[in-house]
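Peer 1: Residue numbers (the working numbering): 1056 to 1241. Next up is a structure, given as structure tokens.
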């Protein structure tokens, strides 16, 4: 049975219900603005890039990275794994710096390994952010709650002036996912 956010996404032409998670975060934190350069890590199936594109209204730049192709999105797409050794070079060939980096990457595991694998992906996303996010830039990252979460948040606080863990309304209540909003890179 489809939930209300899945139905709403389909009616509004979005590729996935996750768009409403980003919409909620953007409403609270005013993350996305015209003329920005945005990097969307783990962009498949593309709803976050779709949402950003609507706000940018043909200003700025959106680069999406994923191991799976995305269809029918007019953005710059890099088909790569975030763990590829040349990922930073591939990104910098398109843009040296970004105003906003989004990471909605999820691991392909199930069970107790989810939180560990999700922290590893979040760590990799942070590594990329520290290489290409501009001074005062913003970073949003998805993680699954687990034993390493507090250590990861402490690490984020060293690099950003504001760090807050939050659960958007569109996140399923049973899900262990949370999003960490990191504002104003030091």
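Cβ atoms here follow ideal geometry from the backbone N, Cα and C, with glycine treated the same way. For clarity, every value in this text was computed on a predicted model and none was experimentally measured.
Does DSSP classify residue 1179 as helix, strand or coil?
Peer 2: Locating residue 1179 in the chain shown gives position 124, where the first residue counts as 1. Of the three classes helix, strand and coil, the one that applies to residue 1179 here is helix, per DSSP.
Peer 1: Could you name the residues that DSSP lists as bridge partners for residue 1118?
Peer 2: The residue you call residue 1118 lines up with position 63 of the chain shown. Partner(s): 1094 and 1131.
Peer 1: Assign residue 1190 to buried or exposed, taking buried as 16 or more other Cβ atoms, counted over all protein chains shown, within 10 Å of its Cβ.
Peer 2: Your numbering for residue 1190 matches position 135 in the chain shown. Counting Cβ neighbours within 10 Å, residue 1190 comes out exposed, since fewer than 16 surround it.
Peer 1: What separation, rounded to the nearest whole angstrom, lies between the Cα atoms of residue 1073 and residue 1101?
Peer 2: In the chain shown, the residue the question calls residue 1073 occupies position 18. In the chain shown, the residue the question calls residue 1101 occupies position 46. Whole-angstrom Cα-Cα distance: 9 Å.
Peer 1: Beta carbon of residue 1103, beta carbon of residue 1123: below 7 Å?
Peer 2: The residue given as residue 1103 occupies position 48 in the chain shown. The residue given as residue 1123 occupies position 68 in the chain shown. Contact: no.
Peer 1: Pull up the distance between the alpha-carbon of residue 1248 and that of residue 1129, whole angstroms please.
Peer 2: Absent from the structure is residue 1248, since the part of the chain shown begins at 1056 and ends at 1241.
Peer 1: For residue 1066, which three-state DSSP category applies?
Peer 2: Indexing the chain shown from 1 puts residue 1066 at position 11. The answer is helix: DSSP assigns residue 1066 an H, G or I state.
Peer 1: Thinking C-alpha only, which one of 1229, 1116, 1170 and 1089 is nearest residue 1160?
Peer 2: Residue numbering aside, residue 1160 sits at position 105 when the chain shown is read from its first letter. If we check each option's Cα against that of residue 1160, 1170 comes out closest.
Peer 1: Pick from 1180, 1066 and 1147: whose alpha carbon is nearest that of residue 1207?
Peer 2: Residue mapping note: residue 1207 aligns to position 152 of the chain shown, counting from 1. Cα-wise, what sits closest to residue 1207 is 1180.
Peer 1: How would you write the range of the alpha helix (DSSP H) that residue 1158 sits in, first residue to last?
Peer 2: What you label residue 1158 is simply residue 103 of the chain shown in a count that begins at 1. Not the alpha helix (DSSP H): residue 1158 falls in the beta strand (DSSP E), residues 1153-1158.
Peer 1: Residue 1113 to residue 1156, Cα distance in whole Å?
Peer 2: Working through the chain shown from its first residue, we reach residue 1113 at position 58. Working through the chain shown from its first residue, we reach residue 1156 at position 101. Cα-Cα distance, rounded: 18 Å.
Peer 1: Are residue 1187 and residue 1137 touching if we call contact CB-CB under 7 Å?
Peer 2: Working through the chain shown from its first residue, we reach residue 1187 at position 132. Working through the chain shown from its first residue, we reach residue 1137 at position 82. In this structure, residue 1137 does not lie closer than 7 Å to residue 1187 by Cβ.
Peer 1: Of the choices 1143, 1177, 1076 and 1108, whose alpha-carbon is the least far from that of residue 1089?
Peer 2: Your numbering for residue 1089 matches position 34 in the chain shown. Here the closest residue by C-alpha is 1108.
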